[in-house]
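For the sequence shown, the UniProt record's numbering begins at 1 and goes up steadily by one.
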Amino acid sequence: MPSAEAAIDDPSVVIEEKELVRFERADEYLSLLFRLVPPSAGSSAAAATISVTPIITPDEALSTLISILDEYQDQSNLLDPYLERIVSPPVEALQRHVRSLVLSDYVNTSDNLSSDSVTRLSKLVYAYTKVRGYKTIVHYFPHEVADLPATLSFLEQLQRSLENDEEEESSKSCWELRYVCLLWLSLICMIPFDLAKFDRPGQETHETTSSRIAAVAEHFITSPGKERDAAAVVLGRLFQRTDVQLKDHFTAFLTTSRTALESTADLSPFHATGILQALCEILKNSEPVFVVTHLASIQSIIEAYDSPEMGALASNGLVVKYQTKLTSRLALKLLRPRAARRRANKIHVLGASPAHNIHATQSTAEEDEDDESDIPDEIEQFISYLIEALQHKDTVVRYSAAKGLARLCDRLPTSFLNQVVEAIISLFHINIPDLFSGEMDLSSVSEHTWQGACMALAELSRRGMLFAEMLSEALPWILKALLFDVRRGAHSVGANVRDAACYVVWALARSNDIESIRPHAMELAQRLVAVATLDRDVSIRRAASAAFQESVGRLSLFSHGIDVIRMTDFYSVSVRRSAFLECAVNVSRFAEYQGYLVDHLLDVVTIHWDPAMRKLGAQSIALIAMNDPIVLMPDISSRLSARIGTSDTAVLHGTLLSLAEVCRLSRSLSGDHAVVGEEVRLKAFGLLSSVRPSAFRSLGAASILQAACQLIGAGFSDSTTSSKDETQTWEKVLNIALARQEEAVHVAAAEAVAHLSHVVDLSAKIRSTLDNWSTLTLPQQQSNALLLGNIDFNSHPQLFEPVIDHLIALTRPPTKLTPNPFYSANIEVRRNAMDSLTRSHPHILHLHPGTSHLLLPKIVQSLLVGLGDYTTDQRGDVGSWVRLSCITGLREILILLSRQEELVLEKSLFQTVIGALWKQAAERIDHVRHMAGCSVVAVYHAYSSLNEGMTKPMGYDVVKSAFGSGCLRPFGETQHNDEKEGADGDLSQTFKNPSKAYPRLCQLLTIPPYRMSILEGLLLSMGSKSDLGERIIGPSLSTLTTADDGSGYTLPNLLGSIFDLAKRHFGENRIFIPSIVAVSLLLENGSQYQQDAEDVLVRLVKMAMANVDKIKSVPRLLASATLCANLVLAISSGTAKEGKVKLLEMLSRGVGTFLKHPFPAVRTRMAEQLYAVLSSGVSFEDEEDEDGGQGEKLELWEEVEMALLDTKWGAAVADADLNEETVQSIVSALPRLLQ
């Protein structure tokens, strides 16, 4: 199983989310809950069963509890067995708090909670409602009679404090408290007692309990937060009570709401939404008689939202949603249920066969269905409104209208139901010109309308109300909706329509009878298979797969249903490439689906607006053609040839790609199939002449040229020849492609030449290219540099040597002694030249031995030069492109040489190559380090079986010790390190991870031939802008020099190697600066100082201080100043007296130089670093005088400390001249402090 890091770095590794099966963290949760809510004596929480957790703050406990709950957001049902134990404690604590706060004269006030505690408990209870839903959680709220007055009074206090701005800020901002209390009130107000019994005698009407509840709820329905939702629930529960309905509270609420709606200037959108929410909740459970009584008032409120004054709310999706929901619920209350139809639908959905009830209920059902006498006139208006809402721009509105319309149709007679279905189907006709003539044009239709119509049909289907005669009329539109994909600008719309169409089919399978669907089964199956395997969106493919599976399971009408389900399951269709190239190809083996899939690929997918879809469609159609080449290949090529002259770029691109893929796969056929393949290739190759010439030269012709090059490389025949003047179509296309700027076109042209060169003589063209190189444009040079390495040199042996010489010349930088006019300063040309050298080197084994021995070192030297390419531009380190090509080339050459004995590299050159690869393995860029590391290990593996006397890499034992005995594997093979990394031992991941790679690479410094190369690579990585040096490389080098492993590589050896590198690259800050930084890090990381190191250290400091007055590089000056200051660490580490004198002399000289440097940044860095090292390096032991006072050394340190901290080292140069005396005092004090 791949490690976590491997899964992150490798995109091919699929990480599956852990599937929860139970409340796994229940014990931890209950323990934290006990910390947050200590149970009282009468609490239902069993404290004895709760484990003990470390002490944490209540806020931390709350945060952890909520994070645990969030893990179960998608599987909240797993919490059900624990709900009572986790919900009751916080709710009971809130109950005790509310009672003690409101009824302080009657209950124990010790249950009072602090404001912060109340806030935390409220947030926790709200988290329960968010995860599991308030309807479930409210069942665990207490509902005692005594809680009604207490909760009501508490909410009134919250209301008054909000209105008067008296509440403290922490509780005032806790909307969760108000939300929870309102939910609690919605439960308590349902107690089976008359609310008037809670009233005191002589109370005013507005002070009765029911009036107070209504007033609190009406106040909070204006809230912008969740309190509005809970307040609407309170009103819905309150007004369904009989004792409240007998009074005029609901009438007063309607009057107040209508008044608020009329005063549009003061009406907030939250209040407008709250009114509709409350009415929806009220109508949900109220009796029809009660609704009819107030029908006119409710209708007037609905109409008020449509007035011109309320135009601002017309675009508010939430308002329109509740308006739609209210309309549907109001209409439902005006219609009686059709009991017979409901029983029949229920029986059908459950799959029963109620033969014994059919005759008994048939006459009753017919009478019930035909009864139209009780349909109010208002129903038509409501239905019209809901059908209009199906076209709304917001999905929530359309879905609400669809559900409401389906529920409404369930109570309509059959004749009325058919009229509604016809009206829904008519929505598909909107904005479709020439409906009855030719192919339909869907470019002007609204995806909102189509989705709304599909959702309405789906909801009707779920309830078994889409009968056979209506299904025949609706199904053609559903089939069109399954493929609805309309281009709008730079993208397409229609995914929501296709998803809704899948929902329709799924619902049909669940509720409609088999016979009504049988005539359409084959067409449905074909369309669903096409959508499930060839749709662009993963959600649509999954939906179609689910609909197909439901249909097979319930209807058993689809051919090969079980087999197709196995091929197109949920996981198989989730990856687009797998769906196109595996699922669709496998399903096409069934004759019932093959024809439709081919038609769909040719007519839809290969002309899709998305190029990625066209590419996958072309590959899929070619794979399907291989199922029956004799029949399908000629048919497909014939249909593709009919559209080759099109002016549509997408159609032409898909056509050329499809032809290219068919031709490519046809080359793998044999026997009679091969003959057919040859005919198809000949025809396809000739079709290039039928393409409009302007299509290859237009602005967006890159994709056309790429596909045409693929067709050339796949469709050529053995009789193809070249012409002197290059007048053939394929030659013109290649020349145009080679002149383009797009790299993808260059690659396609080079691959086409690679195939053509097997049968076509390209010698004249290649020689002409080499001779006229300087006249080529930059894009032509880039493409031809790539093309030269793709030639088949077995067919053109005479071209190998001149081509190799030219490629080497392109990459060899000129010098004063060896000018090179062919050298290219363009990074793409050099990269492509290196790629070509890498591709062409295997042919060197087929040359004359003398020629091979001359060319091989030249190729290797050129690749070594490429490893030093560190070119940068605005794109970053573009030189890494060249280095990656060179790493690949050197690896392949060395592995190739290991397999034969005739051609060998000189030993010194061989070891130089290995060292250069190790240097790149220490690269700072992750993918370069990974490529180089895996490549050099693969070379070690290739030479591991050779005899000792032969040239081979050195340090096998060190490499195995650093990376594990199992690290030597071929390139590309999973490499496991059994000793070093155990289960997490993929070596490729080791090189990608800097914290793992650099400590092991530092161990390779003990291999003498590769020491300088590896050290240079490490220093280059330290010189990057990252913190690799301080965080990883510096400590690793220190560990290497202090390890007692018998390697003999000590600190003086390492410092000497760094000195040699720094001296060699004295003028290159890219290497010199990290060399100085590395020495500083060695001193700072506590490397074990040895007696022989001071001489090398003194030489390093002298070199760092050389010409310091003339150097303008601030990073170099800062690194040198830091090194000088860090000499304090070397002096205080027990250096011999003679060595200490030398280091003190260099320290005094450096401090004086850098503290008086003209650059403020340099002076500041020197002062800061010197203070830091002196603070840790100066010892004050045994420094008290005879009287017990401070010693002289301590007083001296205080003076130096004051001088370093109080002096303004960052001041201007003129002010710095005044610090001469301060600098001299610091310099003179250093020997006495460090003695």
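By construction, the Cβ of each residue, glycine as well, lies at the ideal position given by its N, Cα and C atoms.
- Following the DSSP letters along the chain, one finds serine 492 inside the beta strand (DSSP E) bounded by residues 491 to 493.
- Look at glycine 1023 here: in three-state DSSP terms it is coil, with no helix or strand label.
- Shown here, arginine 22 sits in coil according to DSSP, grouped into three states, outside any helix or strand.
- Rounded to the nearest angstrom, the Cβ distance from alanine 916 to serine 836 is 20 angstroms, too far for a contact under 8 angstroms.
- Rounded to the nearest angstrom, the Cβ distance from valine 1108 to phenylalanine 1059 is 18 angstroms, too far for a contact under 8 angstroms.
- Of Glu262, Lys197, Val531 and Met465, the smallest CA-CA separation from alanine 495 is found for Val531.
- The bridge partners DSSP lists for valine 531 come to none.
- Excluding five sequence positions before and after threonine 851, the CB atoms of its chain that fall closer than 8 angstroms to its own CB belong to Glu801, given in chain order.
- Unbroken alpha helix (DSSP H) stretches of 4 residues or longer found wholly inside the stretch 660 to 739: 672 to 686, 702 to 715 and 729 to 738, given in chain order.
- Cβ contact annotation for valine 928 (same chain, cutoff 7 angstroms, sequence separation greater than five): Ser880, Arg883, Leu884 and Gln920, in chain order.
- Rounded to whole angstroms, the gap between the alpha carbons of valine 691 and arginine 839 is 33 angstroms.
- The C-alpha of isoleucine 68 is placed about 15 angstroms away from the C-alpha of phenylalanine 34.
- Listed as beta-bridge partners of arginine 1000 by DSSP are no residues whatsoever.
- Only residues of its own chain outside the window of five on either side were considered, and among them Phe1154, Leu1155, Lys1156, His1157, Trp1209, Gly1210 and Ala1216 have a CB closer than 8 angstroms to the CB of arginine 1163, listed in chain order.
- A contact between stretches requires three or more CB pairs, one per stretch, nearer than 8 angstroms, and the stretch 256 to 266 meets this requirement with the stretch 299 to 309.
- In the displayed model, valine 486 falls within a strand according to three-state DSSP.
- Proximity of the stretch 1033 to 1042 to the stretch 986 to 993 falls short of the contact definition, fewer than three beta-carbon pairs being nearer than 8 angstroms.
- With a 10 Å radius around the Cβ and a threshold of 16 neighbouring Cβ atoms, serine 545 comes out buried.
- When rounded, the separation of the alpha-carbon atoms in valine 1173 and glutamine 1224 is 19 angstroms.
- Distances from the CA of glutamate 828 to each of Gln780, Ile791, His841 and Asp792 were compared; the closest alpha carbon is that of Gln780.
- Take alanine 809, set aside five residues on each side of it, and the residues of its chain with a beta-carbon closer than 8 angstroms to its own are Asn820, Phe822 and Tyr823, in chain order.
- Per DSSP, the beta-bridge partners of aspartate 873 are Gly876.
- With contacts defined as CB atoms closer than 8 angstroms, valine 753 and asparagine 790 qualify as a contacting pair.
- For arginine 487, the closest alpha carbon among the candidates Pro999, Val939, Lys226 and Ser443 is that of Ser443.
- Along the stretch 508 to 579, the alpha helix (DSSP H) occurs as fully enclosed runs of 4 or more residues at 514 to 517, 521 to 534, 538 to 555 and 561 to 567, listed in sequence order.
- Contact between leucine 405 and serine 328 is confirmed by a C-beta separation of about 7 angstroms, below the 8 angstroms threshold.
- Residue nearest to arginine 667 within the set Lys952, Gly715 and Ala695 is Gly715 (criterion: CA-CA distance).
- In the DSSP assignment, arginine 639 falls within the unbroken alpha helix (DSSP H) covering 629 to 641.
- Closest in C-alpha terms to alanine 1167, from the list Glu1195, Met1202, Glu1192 and Leu1144, comes Met1202.
- In its chain, beyond the 5 residues on either side, Tyr503, Val504 and Ala507 have a beta carbon closer than 6 angstroms to the beta carbon of alanine 458.
- Going by beta carbons, valine 1114 and phenylalanine 1159 fall inside the 8 angstroms limit.
- In the three-state scheme derived from DSSP, where H, G and I count as helix and E and B as strand, glycine 595 is classed as helix.
- Assigned with DSSP and collapsed to three states, tryptophan 609 falls in coil, not helix or strand.
- Along the length of the stretch 412 to 449, whole alpha helix (DSSP H) runs at least 4 residues long occupy 414 to 426, reported in chain order.
- A check of alpha carbon separations from phenylalanine 971 across Tyr179, Ser1024, Val320 and Leu894 identifies Leu894 as the nearest.
- Check the Cα spacing between valine 292 and each of Ala331, Ile517 and Leu903: the tightest is with Ala331.
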